[in-house]
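K.L.:
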Amino acid sequence: MKNIRNFCIIAHIDHGKSTLADRLLETTKTLSERELQAQVLDDMDLEREKGITIKSHAIQMEYVYKGEKYVLNLIDTPGHVDFSYEVSRAIASCEGALLVVDATQGIQAQTISNLYLALNHDLEIVPVMNKIDMDSAMIDEVKDQIVDLLGCDPDSILAASGKTGQGIEQVLEAIIERIPAPKGDEQAPLQALIFDSVFNPFRGIIAYYRIFNGTLRKGERVKLFNTGSEYTADEVGVLKLKMHPREELRAGDVGYIISGLKTSADVKVGDTITAQRNPCSEAIAGFEDVKPMVFAGLYPVESDQYEDLRASLEKLHLNDASLTYEPESSLALGFGFRCGFLGLLHMEIIQERLYREFDMDVITTVPNVSYKVHTTKGDVLDVHNPSGLPEPTLISSIEEPYILAQIITKTEYLGNVIKLCIDKRGTLLNQVYITQDRVEINFDMPLAEIVFDFYDKLKSISRGYASFDYHQTGYKPSKLAKLDILLNGEPVDALSSLTYVDHAYDFGRKMCEKLKELIPRQQFDIAIQAAIGAKIIARETVKAVRKDVTAKCYGGDISRKRKLLEKQKKGKKRMRQVGNVEVPQEAFLAVLKME
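At position 576 of the sequence shown the residue is numbered 578 (this note's numbering), and the sequence of numbers has no breaks.
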């Protein structure tokens, strides 16, 4: 066990984690030259297209150092704030972490928050400065920033380049020398932490785990501590891009288990695998349950695909434990699911994965956060969906979730960033100058304000330099109103939303204008209205498509023309009573992209 090292790589987005992982795999000759490609661990099409890591990947390497062979288990992690749950799971199964900082950009918000995650688990931190081959690298400045952050010795910071491979040997040596070997007892009862799982249509559920105590042998009966389900370990082994079966794995190892399990409810990420004959007395205290930040309804485009959507979400949930879902129904869209996501990017990725991996086309309703509603009877309700709100007369107050937003930006963009946060109902808590031209500001602001387009706006006003991270701090009372959209007097429940009272008028007007562009013209006038309770605050009309009935009247008396127009008017009125208005799919998406 003394020759095993388990470590992960943590960094901000685009600081070069995946490229550094490529060089480590190349230097340890884990993959043949034919298998090597750029960002080899990002194996999902989506990850390659967007250039981001979405899933954490585990891979085993072997390296000979001072005549001894060492086994290195690397877990590569995502950098985006929406996937911080993946990072927390990787950190729970390691003893050390490489903290990668881009020498051209310095320390950014996600670097700090991922570092705190690692320090909470008492991991050994190895600071690595990446991209030192770039012309714009600020090596001394970034070194000072890392020393300020970690309080480490400047000589302990490694300089490397994931692109050219410079300094990679020193990184491998530092992993072996600085990161402690796993502690554990091979003779004790089996205790293994599941940190990920995938569904394979031929072999069932494949769970990835890290063994803390004991030994796991092929063919042994094992059980899951929390769900209590038992099964046989048909195959166990280690991950080296492909699966490599082994006869047994011992304490400290990271590997996979295939047991022919088909029901996804049996395997939960964060559960503990133990032996049936000699079970352990307690589960591993790993990582906490996920708290979704953003809620939205997912509905199948064809109503008979509801069961398919359920099956797809179950399989996707295996691979992404931060997704939560429960059934709900809507008047406009039929049956679907209320899903909880960690953020808007997470929601977009889930939608795209449903389409690509399961061929499921879904309609998404307006995303919103969960509110606490205090009724006049003294009850407190959790409301995830505006249609679940009680009557206005029964509500005494509504509380909405607040976050602590931590933004690091260059000083020249400070004014714009502060203005953006104040427009979003934020309160400035403090600002700290990290260096002469970099400042960290902390805001207390409502989560609902950052759900839509806050991140995009922040990036554009700071030319991509500002970095952003947040965590929830609790609930505060707020003046909120339920905004309904009516088509011909009928409310469309999928378009209703809870908004701040002072913003409701503008938001309602914009929504009406947007829907007027998107709803196709019918044979009758369509009134699009935005209402708060019984009060209409905005209205647009989609004009009817009319046939020119007066064309055959050339000359003659005006009363002949009027007679034909009146006749047409009666027909339109009757048509309006029987006609119904279809809301196109684009309308639901347009609401998300409203400026």
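We treat Cβ as the ideally placed atom computed from N, Cα and C, and that holds for glycine.
Taking only runs that begin and end inside the region 75 to 157, name each unbroken alpha helix (DSSP H) of 4 or more residues, in chain order.
P.N.:
The qualifying runs are 86 to 94, 111 to 122 and 141 to 152.
K.L.:
For the alpha helix (DSSP H) that contains Glu328, what are its first and last residues?
P.N.:
Unbroken run through Glu328 is the beta strand (DSSP E), Thr326 to Ser332; no alpha helix (DSSP H).
K.L.:
Could you give the uninterrupted runs of the beta strand (DSSP E) lying entirely in the region 531 to 587, keeping only those of 3 residues or more?
P.N.:
Segments of the beta strand (DSSP E) lying fully in the region 531 to 587: 537 to 544.
K.L.:
DSSP three-state label for Glu70, please.
P.N.:
Reduced to three states, the DSSP call for Glu70 is strand.
K.L.:
Tell me whether the beta-carbon of Lys173 lies closer than 9 Å to the beta-carbon of Leu192.
P.N.:
Residue identity differs from the one stated: residue 173 is Val in this sequence, not Lys. Taking 9 Å as the Cβ cut-off, Val173 and Leu192 do not qualify as a contacting pair.
K.L.:
Sorted by chain position, which residues of the same chain lie with C-beta nearer than 6 Å to Thr106's C-beta, five sequence neighbours on each side aside?
P.N.:
Here the set comprises Lys133, Met136, Ser138 and Ala139.
K.L.:
Just reading off the alpha helix (DSSP H) that Glu309 is part of, what are its end residues?
P.N.:
Start and end: Tyr308 to Asn321.
K.L.:
Is the Cβ-Cβ distance between Ala183 and Arg7 less than 9 Å?
P.N.:
Yes, they are a contact pair.
K.L.:
Mapping the DSSP letters down to three states, classify Arg279 as helix, strand or coil.
P.N.:
Looking at Arg279 - three-state DSSP - the assignment turns out to be coil, as it is neither helix nor strand.
K.L.:
Are the beta-carbon atoms belonging to Lys254 and Ile213 less than 9 Å from one another?
P.N.:
A small correction: the amino acid at residue 254 is Gly; Lys does not occupy that position in the sequence shown. Yes, the pair counts as a contact, with Cβ atoms nearer than the cut-off.
K.L.:
Anyone know if the C-beta pair for Gln525 and Ala546 falls short of 9 Å?
P.N.:
Cβ atoms of Gln525 and Ala546: closer than 9 Å.
K.L.:
Count Cβ pairs between the region 299 to 311 and the region 337 to 344 that sit closer than 8 Å; are there 3 or more?
P.N.:
Because the criterion of three Cβ pairs below 8 Å is met, the region 299 to 311 and the region 337 to 344 touch.
K.L.:
So, with DSSP's three-state summary, where would you put Ser499?
P.N.:
Three-state result, Ser499: strand.
K.L.:
Spell out whether any CB of chain B is found under 9 Å from the CB atom of Glu171.
P.N.:
Although the question refers to chain B, the structure presented lacks it and comprises just one protein chain.
K.L.:
For the structure I just gave you, are there three or more beta carbon pairs, one from the region 517 to 536 and one from the region 546 to 556, closer than 8 Å?
P.N.:
Verdict: yes, contact present.
K.L.:
Does the Cβ-Cβ distance between Thr30 and Tyr65 come in under 9 Å?
P.N.:
Against a cut-off of 9 Å, the Cβ pair of Tyr65 and Thr30 comes out as a contact.
K.L.:
Select from Phe197, Glu249 and Gly230 the residue whose C-alpha is nearest the C-alpha of Thr217.
P.N.:
Thr217 has its Cα closest to that of Glu249, out of Phe197, Glu249 and Gly230.
K.L.:
Could you tell me which residues DSSP pairs with Gln62 in its beta bridges?
P.N.:
In the DSSP output, where bridge partners are listed per residue, Gln62 has Asn75.
K.L.:
Looking at the unbroken alpha helix (DSSP H) that takes in Asn480, where does it start and where does it end?
P.N.:
Sequence inspection shows Ser at residue 480; the Asn mentioned does not correspond to that position. Ser480 -> not in any alpha helix (DSSP H); beta strand (DSSP E) instead, spanning Ser469 to Ser480.
K.L.:
The alpha helix (DSSP H) with Asp425 in it runs from where to where?
P.N.:
Per DSSP, Asp425 belongs to the alpha helix (DSSP H) from Leu416 to Asp425.
K.L.:
On the DSSP bridge list, what partners appear for Glu188?
P.N.:
Answer by DSSP bridge pairing: none, since Glu188 is not bridged.
K.L.:
Could you give the distance in angstroms between the alpha-carbon of Ser498 and the alpha-carbon of Glu232?
P.N.:
Spanning the two alpha carbons is a distance of roughly 46 Å.
K.L.:
Does the contact criterion of 3 or more C-beta pairs under 8 Å hold for the region 438 to 455 versus the region 383 to 392?
P.N.:
At 8 Å Cβ cutoff, the stretches do not touch.
K.L.:
Taking buried to mean at least 16 other C-beta atoms within 10 Å of its own C-beta, is Ala553 buried or exposed?
P.N.:
With fewer than 16 other Cβ atoms within 10 Å, it is exposed.
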